[in-house]
Amino acid sequence: MIWNIVSDSSCDLRKTAFEGNDTVHFETVPLRIQVGDREFMDDDQLDVPEMLVAMSAEKAASSTACPSPAAFANAFDKGDYTICFTISGKLSGTYNAAVLGREMVLEEHPEKKIFVMDSKSTAGAMILLIRKATELIREDTAGDFEGICDKLREYQATLRTVFTLENFDNLIKNGRMRPLVGTLLHALGIHVVADATPQGTIHVADKARGEAKTYKAITKLMSESKDCTGAEVVINHCENAASAQKLKEQIMKDLEVKRVDIVPCRGLTSFYAMEKGLIVGF
Ligand code: X90
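133 is the number that this note's numbering gives to position 112 of the sequence shown; each next residue is one higher, with no gaps.
Spelled out as structure tokens, the structure:
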């Protein structure tokens with residue numbers, strides 16, 4: 022029996038992250054990014070810095086598009102038991118596409134089992150879900166698909182996402198969040214800190230002046246959102262490894278977390294987080 026974990030590309034994990042794992046087949050389904058008349062596929066080969074250069078040179082509106090149901094169906098076909106995670110259904114049509122892909126596969130192969138979960142987030146929260154699913158599959162001896170799905174639902178409800186971006190333009194222009202009050206914020210060195218609501222929408226939570234205060238505002242928000250003792254944390258960054266490291270140090274200083282991993286953004290999250298963005302899943 023083949024266990025299959027499928028995620029859309031906004032999780033930021035590449036297939037290489039799963040090399041050497043023989044228990045589970047792993048596959049990501051790419052979203053697409055349109056910059057002027059150039060289309061970028063958010064696959065493992067995408068050159069993120071090249072895409073960021075194209076974005077800053079482009080004056081025309083840029084946008085993104087979710088994968089097709091057929092792209093999900095192809096990924097689901099590769100296993101007997103599939104667990105799929107998607108970016109928040111409140112931000113993207115990806116979840117709906119995955120649900121349709123599931124129906125397509127089950128019509129032909131009713132014996133397969135496919136669970137599609139809306140992560141209500143993206144990036145690091147999805148990495149944590151993928152990690153948890155891998156652990157549960159490894160521990161499983163009875164093929165208890167439903168039991169694993171229930172545990173993942175419980176785990177998803179404990180996950181939180183906090184993020185700070187230098188630039189919210191693409192989120193606002195593409196209608197993924199309401200315009201920020203005060204467009205001069207950035208010029209004044211003020212950083213906006215936002216979080217994910219339980220429904221999977223974006224909420225502006227705080228503002229801070231300067232990098233150090235921004236990281237403290239993030240750890241404060243983290244500790245207010247749940248007890249972070251023993252939590253696993255993932256920081257996804259858009260071409261900003263140095264700041265991700267500083268934020269990691271602040272998190273380890275302020276909170277009793279178990280571990281903090283740093284992961285570079287792939288294409289979709291880079292398009293929205295834009296250069297210097299930091300996304301924390303925990
Ligand atoms: O379907 C599509 O075209 C994809 C649209 C995706 C839109 C938003 C992506 C945001 C990623 C910022 C972190 C946000 C975390 C909030 C979770 C609720 C980068």
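Even for Gly, the Cβ is constructed at its ideal location relative to N, Cα and C. Computed from a predicted model, the values in this text were never measured in an experiment.
- Message: Any heavy atom of ligand 1 closer than 6 Å to the beta-carbon of Leu121?
- Response: no
- Leu149 to Gly302 span [Cα, whole Å]: 8 Å
- Query: Buried or exposed: which applies to Thr240, given that a residue is buried once 16 or more other Cβ atoms fall within 10 Å of its Cβ?
  - Reply: buried
- Message: Using CA atoms only, rank isn't needed, just tell me which of Ser109, Cys87, Val45, Glu253 is closest to Asp216.
- Response: Ser109
- Item | CA-to-CA distance, Arg152 to Glu48, given in whole angstroms | 14 Å
- For Phe47, which beta-bridge partners are listed by DSSP? Ile26
- Does the Cβ of Arg197 lie closer than 6 Å to at least one heavy atom of ligand 1? yes
- Message: Using a 10 Å radius around the Cβ and a threshold of 16 neighbouring Cβ atoms, would you call His224 buried or exposed?
- Response: exposed
- Query: Is the segment 74-83 in contact with the segment 97-112, if contact means three or more CB pairs nearer than 8 Å?
  - Reply: no
- Message: Please list the terminal residues of the continuous alpha helix (DSSP H) segment that includes Arg159.
- Response: 145-160
- Message: Counting C-beta neighbours from all protein chains within 10 Å, is the total for Gln66 16 or more, i.e. buried, or is it exposed?
- Response: exposed
- Using CA coordinates, which residue listed in Met22, Asn25, Leu34, Ala163 is at the minimum distance from Ile256? Leu34
- Item | Length of the line joining the Cα atoms of Lys279 and Thr250 | 7 Å
- Quick one: what does DSSP say Asp175 is sitting in, helix, strand or coil? This sequence places Glu at residue 175; Asp is not what is there. Residue state, collapsed to three classes: helix.
- Message: Please tell me whether, using a cut-off of 6 Å, the distance from the CB of Cys259 to the nearest non-hydrogen atom of ligand 1 is below it.
- Response: no
- Report yes or no: do the segment 284-295 and the segment 54-68 share at least 3 C-beta pairs separated by less than 8 Å? yes
- Glu296 to Glu260, Cα distance in whole Å? 6 Å
- Query: Where do the N-terminal and C-terminal ends of the beta strand (DSSP E) with Met62 fall, by residue?
  - Reply: 59-62
- Compute the Euclidean distance between the alpha carbons of Leu173 and Ser28, then round it to the nearest angstrom. 14 Å
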